[in-house]
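Line by line, the protein sequences are chains A and B. Just remember that the numbering used here sits 16 ahead of the position in the first sequence, which is counted from 1. Just remember that the numbering used here sits 10 ahead of the position in the second sequence, which is counted from 1.
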Amino acid sequence: MPGVAADRLATVFVEVADTLIDEFDVVDFLHMVTRRTVELADVTAAGLLLADHHGELQFVAASDERTELLELFQLQGHEGPCLDCHRTGSPVTYTDLTSATTAWPAFTRQALAAGFRSVHAVPLRLRQETIGALNLFGTTAGSLAPENGSIVQALADVATIALLQERAIGQREALAQQLQGALNSRVVIEQAKGVIAQTYGVSIDDAFVLLRDHARRSRRLLSDVAHLVVADPTSLSGLSVE
Amino acid sequence: MSRDRVARVWSLVDAEPSRVDADGRGEPWLQRLCSALARVLPACGAGVTVQTLDGALGVAAASDPASAALEDTQFALGVGPCVDAFAWRRPVLTPTLAAVDERRWPGYATPALERGGAAVFAFPLQVGAARLGVLDIYRARRGSLSTYELALALDFGAVAVRRLLDARVDPAGRQQGGVLTGALDNRMEVYQAQGILLAQLSVGLEEAMVRLRAHAYATDRRVSDVAKDVVTGRLRLPR
Chain A
17 MPGVAADRLA
27 TVFVEVADTL
37 IDEFDVVDFL
47 HMVTRRTVEL
57 ADVTAAGLLL
67 ADHHGELQFV
77 AASDERTELL
87 ELFQLQGHEG
97 PCLDCHRTGS
107 PVTYTDLTSA
117 TTAWPAFTRQ
127 ALAAGFRSVH
137 AVPLRLRQET
147 IGALNLFGTT
157 AGSLAPENGS
167 IVQALADVAT
177 IALLQERAIG
187 QREALAQQLQ
197 GALNSRVVIE
207 QAKGVIAQTY
217 GVSIDDAFVL
227 LRDHARRSRR
237 LLSDVAHLVV
247 ADPTSLSGLS
257 VE
Chain B
11 MSRDRVARVW
21 SLVDAEPSRV
31 DADGRGEPWL
41 QRLCSALARV
51 LPACGAGVTV
61 QTLDGALGVA
71 AASDPASAAL
81 EDTQFALGVG
91 PCVDAFAWRR
101 PVLTPTLAAV
111 DERRWPGYAT
121 PALERGGAAV
131 FAFPLQVGAA
141 RLGVLDIYRA
151 RRGSLSTYEL
161 ALALDFGAVA
171 VRRLLDARVD
181 PAGRQQGGVL
191 TGALDNRMEV
201 YQAQGILLAQ
211 LSVGLEEAMV
221 RLRAHAYATD
231 RRVSDVAKDV
241 VTGRLRLPR
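What follows is the structure, encoded as structure tokens:
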């Protein structure tokens with residue numbers, strides 16, 4: 017994977033800073049982090065998992081919401097690089113997934129079947145704790161270039177900072193509030209996918225594409241459009257699947 | 011949420027004696043939930059507000075008269091952590107009410123502090139877009155909930171959500187600890203199925219959830235398995 021141009025990186029950090037100042041929606045922000053991770057690290061897909069109040073990893077946002085990819089993120093609550101990363105607090109990498117079968121039998125099988133050959137997970141760190149993981153997938157074997165590894169860790173750190181937005185209260189409260197809000201927003205997105213799939217006769221995956229495209233076109237937050245759709249299934253009328 | 015944690019909360023609630031407060035208010039099971047929570051969290055009281063059919067929030071239960079009075083304060087004024095938690099769809103945790111800017115909740119802090127609300131923690135009772143109410147925890151001394159206490163509060167909230175939904179399906183509350191009140195898997199298919207049923211049956215989200223759970227109950231299957239069938243189109247529920 018090639019190195020990253022400094023100007024691309026600078027653009028991302030300006031974007032991040034803008035988002036933090038303006039009206040802030042944590043799920044929208046975390047989606048942005050995963051998309052930028054894909055661009056900057058030149059990987060195929062990225063996803064973010066956060067540890068809930070029981071220390072279990074929950075999927076929150078991904079650069080791509082294909083069902084088979086979401087399954088791979090969900091599975092990592094039980095097995096996989098994110099779980100190991102969360103436990104150890106250190107990055108976890110397999111440059112060639114075919115050698116990961118012993119470590120993660122189910123995860124490796126599913127990841128290979130989905131066309132991935134390499135995987136990388138970096139921790140979201142808060143002092144001594146690891147509060148989640150940023151997970152990258154590549155379709156070719158090979159490691160991240162060293163400078164990309166630092167960039168990815170920096171993006172993970174940015175995600176952590178975003179989760180601690182509120183300054184007037186302690187970090188534990190701030191994190192708990194954001195996390196529970198993010199987990200609930202994730203649920204709304206899934207509910208909206210179901211509403212759209214049924215209303216427009218499309219697959220769940222295509223439903224997400226419609227949702228996302230509508231959000232972009234109308235310059236609204238993903239969560240906001242998801243809420244609108246659930247409240248009124250016809251609110252996306254006029255769209256079609258390309 | 012694992013079956014173990016659900017079962018634990020249920021057994022704590024079951025251990026509480028049934029009692030209706032002096033005003034004659036209080037849904038019995040929610041009352042016991044508030045009492046159980048107040049018992050396991052040191053120096054805390056609890057209250058639950060539920061959204062009524064016309065969209066307003068009303069106090070449904072409280073662990074003790076002081077907590078009931080604290081709940082009433084928020085409703086009299088229409089401001090407070092509970093109101094914000096419901097509106098923002100996320101917990102509002104206030105370990106030190108006295109330190110909060112008066113402009114945030116005008117008129118709330120003084121009566122709340124007088125009534126023993128030095129710390130207030132509000133947890134919305136919700137499943138995605140469906141909002142059922144709020145669980146409030148009060149403490150007479152300032153300070154954060156510990157990680158353990160926070161987890162317990164969230165577990166109680168999750169069980170309260172199930173109870174509020176299940177009460178629509180099984181009002182007598184006969185079924186306990188089984189499919190109906192067992193783990194509601196946080197599998198994506200469950201939420202997707204809720205959305206599908208909303209559109210398929212032309213009902214609201216809460217009704218769709220209830221129908222999904224009712225079908226699982228009636229067929230003695232896991233909610234997540236029924237959900238998978240709904241998502242893949244193998245199962246269509248009758249209108």
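In this text, a Cβ means the ideal position worked out from N, Cα and C, and glycines have one as well.
Checklist entry - Can you name the residues that DSSP bridges to VAL130/B? => result Here the question's residue 130/B lines up with position 120 in the second sequence. DSSP lists THR104/B and TYR148/B as partners of VAL130/B.
Next on the checklist: Give the list of continuous beta strand (DSSP E) stretches no shorter than 3 residues that lie fully inside the region 101–142 of chain A.
Outcome noted: 108–110 and 134–142
Checklist entry - What residue from VAL138/A, PHE132/A, GLY96/A and VAL135/A has the CA that sits closest to THR118/A's CA? => result Taking the first residue of the first sequence as 1, we reach residue 118/A at position 102. The candidate whose alpha carbon is nearest that of THR118/A is GLY96/A.
Checklist entry - From GLN196/A to ARG125/A, what does the alpha carbon distance come to, in whole angstroms? => result The sequence position of residue 196/A within the first sequence is 180, counting from 1. The sequence position of residue 125/A within the first sequence is 109, counting from 1. Taking the straight line from one Cα to the other gives about 31 Å.
Checklist entry - To the nearest angstrom, how far is it from the Cα of LEU80/B to the Cα of ARG114/B? => result Position 70 of the second sequence holds residue 80/B. Position 104 of the second sequence holds residue 114/B. If you take the alpha carbons of LEU80/B and ARG114/B, they lie about 17 Å apart.
Checklist entry - Straight-line CA distance for GLY154/A to ARG246/B? => result Walking along the first sequence from the start, residue 154/A turns up at place 138. Walking along the second sequence from the start, residue 246/B turns up at place 236. Going by the C-alpha atoms only, they are around 38 Å apart.
Next on the checklist: Using only the alpha-carbon positions, how far apart do LEU190/B and SER21/B sit?
Outcome noted: In the second sequence, residue 190/B corresponds to position 180, counting from 1. In the second sequence, residue 21/B corresponds to position 11, counting from 1. Reliability fails at LEU190/B, whose pLDDT of 42 lies under 50, so the model's placement of it is uncertain and the value that follows must be treated cautiously. Cα-Cα distance, rounded: 15 Å.
Checklist entry - Per the contact definition of three or more C-beta pairs closer than 8 Å, is the region 168–178 of chain A in contact with the region 128–147 of chain A? => result yes
Checklist entry - For GLY55/B, which beta-bridge partners are listed by DSSP? => result On the second sequence, position 45 is the one that residue 55/B refers to. According to DSSP, GLY55/B bridges with TYR148/B.
Checklist entry - Pairing CB atoms from the region 76–90 of chain B with CB atoms from the region 152–169 of chain B, are three or more of them under 8 Å? => result no
Next on the checklist: Counting C-beta neighbours from all protein chains within 10 Å, is the total for ARG42/B 16 or more, i.e. buried, or is it exposed?
Outcome noted: Within the second sequence, residue 42/B is the residue found at index 32, counting from 1. Label assigned to ARG42/B: buried.
Checklist entry - So with Cβ pairs under 8 Å, would you call ARG228/A a contact of chain B? => result By one-based count along the first sequence, residue 228/A stands at place 212. For ARG228/A, the answer is no, since every Cβ of chain B falls outside 8 Å of its Cβ.
Next on the checklist: Using a Cβ-Cβ cutoff of less than 6 Å, which residues in the same chain neighbour CYS101/A once the five nearest sequence positions on both sides are dropped?
Outcome noted: Counting from one through the first sequence, the residue named residue 101/A turns up at place 85. Contacts found: VAL108, ALA137, PRO139 and ALA149.
Checklist entry - So which residues of chain B does GLN90/A contact, with C-beta pairs closer than 8 Å? => result As a position in the first sequence, residue 90/A is number 74, starting the count at 1. Simply ARG197 and MET198.
Item to check | Selection from ALA95/B, VAL60/B, LYS238/B and ARG99/B that minimises the alpha carbon distance to VAL130/B | outcome: For the purposes of this step, residue 130/B is taken as the residue at position 120 of the second sequence. Here the closest residue by C-alpha is ALA95/B.
Next on the checklist: I want to know whether the region 69–79 of chain A touches the region 193–212 of chain A - three or more CB-CB distances under 8 Å.
Outcome noted: yes
Next on the checklist: Quick check: the Cα distance between SER45/B and SER73/B, rounded to an integer number of angstroms?
Outcome noted: One-based indexing of the second sequence puts residue 45/B at position 35. One-based indexing of the second sequence puts residue 73/B at position 63. In a straight line, the C-alpha of SER45/B is about 4 Å away from that of SER73/B.
Item to check | is_contact[GLY138/B, chain A] using C-beta, thresh 8 Å | outcome: Indexing the second sequence from 1 puts residue 138/B at position 128. Closer than 8 Å to some Cβ of chain A, the Cβ of GLY138/B qualifies, so yes.
Checklist entry - Under a three-way DSSP split, which group does PHE96/B fall into? => result Translated into the one-based positions of the second sequence, residue 96/B becomes position 86. PHE96/B: helix per DSSP, three-state reduction.
Item to check | Cutoff 8 Å: GLY90/B Cβ touching any chain A Cβ | outcome: Here the question's residue 90/B lines up with position 80 in the second sequence. Cβ-Cβ to chain A under 8 Å: no for GLY90/B.
Checklist entry - Which one of MET198/B, LEU211/B, GLY214/B and VAL102/B has the shortest CA to CA distance from LYS238/B? => result Start at 1 with the first residue of the second sequence, and residue 238/B comes out as number 228. For LYS238/B, the nearest C-alpha among the options comes from MET198/B.
Next on the checklist: Just checking: is the beta-carbon of SER73/B within a distance shorter than 8 Å of some beta-carbon in chain A?
Outcome noted: Residue numbering aside, residue 73/B sits at position 63 when the second sequence is read from its first letter. Not one chain A Cβ lies under 8 Å of SER73/B.
Checklist entry - Quick check: the region 138–155 of chain B against the region 49–63 of chain B, are there 3 or more CB pairs under 8 Å? => result yes
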